[in-house]
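> One structure is given below, represented as structure tokens, and several questions about it will come after.
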Amino acid sequence: MQMTRRDLFALAAGLAAAGLIRMPAHADEAKVEAAIKEFAGGMPETGGVELGAPEIAENGNTVPIEVAAAGATSIMILASGNPNPGVGTFHFTAMSAESRASTRIRLAQTQDVVAVAKMADGSTKMARREIKVTIGGCGG
Amino acid sequence: MANIKPRVKVPGKAKAGEAVTIKTLISHPMESGQRKDRKTGELIPRKIINKFVATYNGETAFSMDLEPAISANPYIEFSVKLAESGTMRFEWTDDDGSVYDIEKEIQVA
Numbered sequence: 818m819q820m821t822r823r824d825l826f827a828l829a830a831g832l833a834a835a836g837l838i839r840m841p842a843h844a845d846e847a848k849v850e851a852a853i854k855e856f857a858g859g860m861p862e863t864g865g866v867e868l869g870a871p872e873i874a875e876n877g878n879t880v881p882i883e884v885a886a887a888g889a890t891s892i893m894i895l896a897s898g899n900p901n902p903g904v905g906t907f908h909f910t911a912m913s914a915e916s917r918a919s920t921r922i923r924l925a926q927t928q929d930v931v932a933v934a935k936m937a938d939g940s941t942k943m944a945r946r947e948i949k950v951t952i953g954g955c956g957g
Numbered sequence: 018m019a020n021i022k023p024r025v026k027v028p029g030k031a032k033a034g035e036a037v038t039i040k041t042l043i044s045h046p047m048e049s050g051q052r053k054d055r056k057t058g059e060l061i062p063r064k065i066i067n068k069f070v071a072t073y074n075g076e077t078a079f080s081m082d083l084e085p086a087i088s089a090n091p092y093i094e095f096s097v098k099l100a101e102s103g104t105m106r107f108e109w110t111d112d113d114g115s116v117y118d119i120e121k122e123i124q125v126a
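Chains A and B, in that order, are what the protein sequence lines are.
Under the working numbering, think of the first position of the first sequence as 818, with each following residue one higher.
Under the working numbering, think of the first position of the second sequence as 18, with each following residue one higher.
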């Protein structure tokens with residue numbers, strides 16, 4: 818096969834990408850699913866949970882997140898592309914004006930963020946959403 | 018760095034049964050345990066705030082479990098509705114067992 822100049826460039830770029838971009842260890846989908854099941858006791862149905870976040874986060878070190886689910890007693894946040902999926906869990910009480918809370922989280926790379934809500938009646942709901950990250954927040 | 022200072026934004030006055038937004042921030046590095054020391058190449062041990070609890074007149078109003086994926090200087094916002102005047106107490110628990118706290122009075126009319 819004749820190697821053209823274009824092929825050569827493509828090959829070089831491919832090798833560079835494979836060699837230089839070493840992906841760190843991520844939480845895989847199985848770990849995310851295990852965390853959801855442990856919290857919810859099964860796979861919850863999608864919907865009924867609000868997951869507010871920017872579509873594109875410029876800095877993965879601090880990404881604002883807001884979750885809400887009417888009637889939820891607790892809401893867990895998971896990040897599927899971080900070294901560990903766990904992010905945090907909010908617990909609401911009878912004193913909560915509504916089951917809504919905000920915080921700021923770290924995202925190592927572009928990934929899906931999952932919010933799982935546990936309702937007072939024991940049912941569970943979830944939401945999933947992709948957040949694009951320009952600079953990863955796993956510094957060091 | 019070791020100067021850990023909690024800050025909360027709580028209205029001094031509120032109407033009974035109306036939603037009140039509470040904003041909290043604590044200066045803390047939230048060392049994730051994933052970072053390496055640039056010089057030695059060794060992992061920096063994890064040291065984070067792992068628990069946040071807000072109580073009102075001794076009763077839990079809101080709490081949160083935190084993991085290393087919470088940003089440095091953890092910010093938490095939530096809302097409550099209050100029936101009577103009292104004191105809201107905020108407590109952050111560190112991996113090393115230290116508890117940082119702050120209290121705010123709220124007049125409910």
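All C-beta atoms, glycine included, are put in the ideal place defined by N, C-alpha and C.
Just so it is clear, the structure is predicted and the values come from calculations on it, not from any experiment.
Can you give me the Cβ contacts of B/I87 inside the same chain, cut-off strictly under 8 Å, excluding the 5 residues immediately before and after it?
M47, I65, I66
> Under the DSSP definition of a beta bridge, which residues are partnered with B/L42?
B/R24, B/Y92
> Return the first residue and the last residue of the alpha helix (DSSP H) that B/A33 is part of.
Looking at the DSSP string, B/A33 is not in any alpha helix (DSSP H), and its letter there is neither H nor E.
> Take every Cβ of the region 70-89 of chain B, pair it with every Cβ of the region 895-910 of chain A, and state whether three or more of those distances are shorter than 8 Å.
yes
> Alpha carbon to alpha carbon, how far is A/V849 from A/T821?
45 Å
> Within the same chain, show all residues whose beta-carbon is closer than 7 Å to that of A/M857, passing over the 5 residues directly before and after it, in chain order.
Note that residue 857 of chain A is Ala in the sequence shown, not Met. These residues qualify, in order along the chain: V933, K935, T941.
> Pick helix, strand or coil for A/H914, following the three-state DSSP scheme.
The question names His, yet the displayed sequence has Ala at residue 914 of chain A. Strand, per DSSP.
> Among the residues of its own chain, which have a CB less than 6 Å from the CB of B/K15, if the five just before and after it don't count?
The requested residue 15 of chain B does not occur in the structure, where chain B is confined to residues 18 to 126.
> Is it buried or exposed, A/P861, if we count other Cβ atoms within 10 angstroms and call 16 or more buried?
buried
> Have a look at A/G939, A/K949, A/D824 and flag the residue whose alpha-carbon is nearest the alpha-carbon of A/A889.
That would be A/G939, whose Cα lies nearest to the Cα of A/A889.
> What residues of chain B sit near A/F909, judged by a beta carbon separation below 7 Å?
F79
> Out of B/T104, B/A71, B/S115, state which residue places its alpha-carbon closest to the alpha-carbon of B/P41.
The sequence shown places Thr at residue 41 of chain B, rather than the Pro named in the question. Out of B/T104, B/A71, B/S115, B/A71 has the C-alpha closest to the C-alpha of B/T41.
> Please compile the residues from chain A whose C-beta is within a distance smaller than 7 Å of the C-beta of B/D82.
Near B/D82 (Cβ distances below 7 Å), the residues of chain A are G905, T906.
> The alpha helix (DSSP H) spanning B/A71 covers which residue range?
Unbroken run through B/A71 is the beta strand (DSSP E), 66-73; no alpha helix (DSSP H).
> Looking only at C-alpha atoms, which of B/D82, B/S96, B/M81 sits nearest to B/K26?
B/S96
> Counting only Cβ-Cβ distances shorter than 9 Å, please list the residues of the region 83-111 of chain B near chain A, keeping chain order.
L83, E84, P85, A86, I87, S88, A89, N90, P91, Y92, I93, E94, F95, S96, V97, K98, L99, A100
> According to DSSP, which residues form a beta bridge with A/E862?
A/K942
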